[in-house]
Each structure stands twice: as C-alpha cells, then as structure tokens.
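Enquirer: So the sequence shown is numbered by my numbering: it starts at 1 and just counts up by one.
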Amino acid sequence: MKQSVKMIVGNWKMNGLAADLAQAEAVRVSLAEAPTGNRVGLCFPATLIAQAAGRLKGSPVEVGGQDCHAAASGAYTGSVSAEMLKEAGASLVIAGHSERRAGFGETDADVAAKVKAALRAGLEPIVCVGETLEQRDAGRALEVVTLQVAGSLPESLSGRAFAVAYEPVWAIGTGRTPTVEQVAEMHAAIRQAQVERLGAARAPILYGGSVNPKNAAELLGVDGVDGVLVGGASLKADDFLAIVRAG
Ligand code: PGA
1 MKQSVKMIVG NWKMNGLAAD LAQAEAVRVS LAEAPTGNRV GLCFPATLIA
51 QAAGRLKGSP VEVGGQDCHA AASGAYTGSV SAEMLKEAGA SLVIAGHSER
101 RAGFGETDAD VAAKVKAALR AGLEPIVCVG ETLEQRDAGR ALEVVTLQVA
151 GSLPESLSGR AFAVAYEPVW AIGTGRTPTV EQVAEMHAAI RQAQVERLGA
201 ARAPILYGGS VNPKNAAELL GVDGVDGVLV GGASLKADDF LAIVRAG
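1. Return the chain-ordered list of same chain residues with a C-beta closer than 8 Å to the C-beta of GLY199, the five sequence neighbours on each side being excluded.
2. What residue range does the alpha helix (DSSP H) around ILE49 cover?
3. Does the distance from the C-beta atom of TYR166 to that of GLY130 stay below 9 Å?
4. Let me check you understand the geometry: is the CB of THR174 closer than 8 Å to at least one non-hydrogen atom of ligand 1?
5. Please name the residue in ALA95, GLY54 and GLY37 whose C-alpha comes closest to that of GLY65.
6. What would DSSP say about VAL222, mapped onto helix, strand or coil?
7. Please report how far the alpha carbon of MET1 lies from the alpha carbon of ALA246, in whole angstroms.
8. Using a threshold of 9 Å, state whether the C-beta atoms of GLY41 and SER91 are closer than that.
9. Does the region 18-32 come into contact with the region 220-228, if we say contact requires no fewer than three beta-carbon pairs (one atom in each stretch) closer than 8 Å?
10. Can you pull the DSSP bridge partners for GLU95?
11. Locate the alpha helix (DSSP H) running through GLU155, then write down its first and last residues.
Dropping the structure here:
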C-alpha cells in the first residue's frame, strides 16, 4: 500500500514546440495503461497550454502555466493573465520560480499578488521559495526561506488548494542536490512558517532542483517531502515517468 499521494509536477521552462507534446502524450498513455496513485502535472510554455490541455483531456495529467500576471487584463505587453491560462485549459500555475525572482526582479510581494490572481482565476498555485548558495553558506538558508514563505503566501490562501515548492537556487539545473537532512530540515521549517502564516493549512510541500530518475525515490522518501517539481528531467516522457513511479 502506498503511504501517501505524492504530487509530481514537471516544469518545461522555455522549452517545447508542438511536436514535443508527443512526450506529454506518452505520459498520458503510460498512466492510462498503468495508473499511479500520485498526482501528476506538467507546466508548459503558455503557447502550448491550449494544445496540451486538448490532448491531455480526460487523463490524470494536470496542465499548468509557469507564471501569470497579477492583473486579469490590461496594458501589459507580453504578459499572460491567470484568467487566460485558465481559459486555455490550465488548472495549475507556478508562482515565484527563482528564475523569475532573479531574472525578472520579482519580489515576495509580486509573487503574493500573482498567487492572489491564480486564486481569482481558479488556478492552484505552486509557490516557489529557495535560498542561493551564498545565503546557505552564510548560514541564512532557513531565515531566507521562512521570510519568503511569509511574504509570498497571501492570507487569502487559507483554506484554498495550493502547494509550496522548496527549490534551492544552487540545485536548479546543476546536478547538485541538498542532503536528505537539509531537505527534511527545510521542509519542516516551511511547514511551520506556513502554519504560522495561514493557521492549520497543510498544503503539499514539494522539493525541486536536479530531481532525476536516479535520485527521485530518495528525495520523495524524505520526511516532509510531499512531491517534486522537476525541470530538465520532465522534458522526456521516460525520465518523467520514472520519477512519477518512484514516489
Ligand atoms: P531542474 O529544475 O530539475 O532542471 O533542476 C527544477 C526547477 O527549476 O523547477
């Protein structure tokens, strides 16, 4: 018997043209043939969401976006709103990924506004937090991430479905992962910060950063890890399925 349902979410980042949806299709087919008790999602570039949603309809694979604007509509050239993602067929959206915090200057307040937008549109947000290597080396990892949780989770999340993803910046795309002890310690701290912020909320806390078919079972087995957010290894169906089945 499975101990608990894990949440396994892929993040394609800025990768994927229509032909690559064959990978998502292969995930769908495999899960139809051999279902897993885990929740499975794939976060596509905005351009692929409508097509992906059409092809994954009726399957257990949930479709997500990777970011949204805080406003529902307006003069924001190049941006996509949560309502637009929802209409295209998404049910999930990532908010506050470190690549957006670092590359686009998103603050905790910006992330909280995006999370509110996701709730307004009926999307389930996956809120990302995580320290840089410099912050970890300075002994500030717990403090930094706890502050990010407090600042990025709006009070309106109370009682709503959402997830938090702990993604140490230095583990993303590097092949490096924290130790099992470091992950367990951080997930406990995030859980505590979340309870302090929202009361008795018990949202899943995912780990992200260089998750692959080889390390997935160990990371998913860490105390307090309710799932994983997978970047590079979610692009190929075989790798992603191996991770989905590792939990
Ligand atoms: P990675 O990315 O699995 O390629 O390290 C994870 C993420 O950024 O969500």
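For each residue, glycine too, the CB sits at the ideal point set by N, CA and C.
Expert: If we stick to the structure as given:
1. Excluding sequence neighbours, GLY199 sits near SER158.
2. Note, ILE49: alpha helix (DSSP H), 49-56.
3. Contact check for TYR166 against GLY130 passes: the beta carbons are separated by less than 9 Å.
4. Yes, since a heavy atom of ligand 1 falls inside the 8 Å radius drawn around the Cβ of THR174.
5. Of the listed residues, the one whose Cα sits closest to GLY65 is ALA95.
6. Coil at VAL222, not helix or strand.
7. Its pLDDT being 42, under 50, MET1 is placed unreliably by the model, and the measurement read from it follows with that caveat. Using only the alpha carbons, I get a separation of about 14 Å.
8. With contacts defined by Cβ atoms closer than 9 Å, GLY41 and SER91 form a contacting pair.
9. No, the region 18-32 does not touch the region 220-228.
10. A small correction: the amino acid at residue 95 is Ala; Glu does not occupy that position in the sequence shown. Paired residues: VAL127.
11. No alpha helix (DSSP H) contains GLU155, which DSSP labels as neither H nor E.
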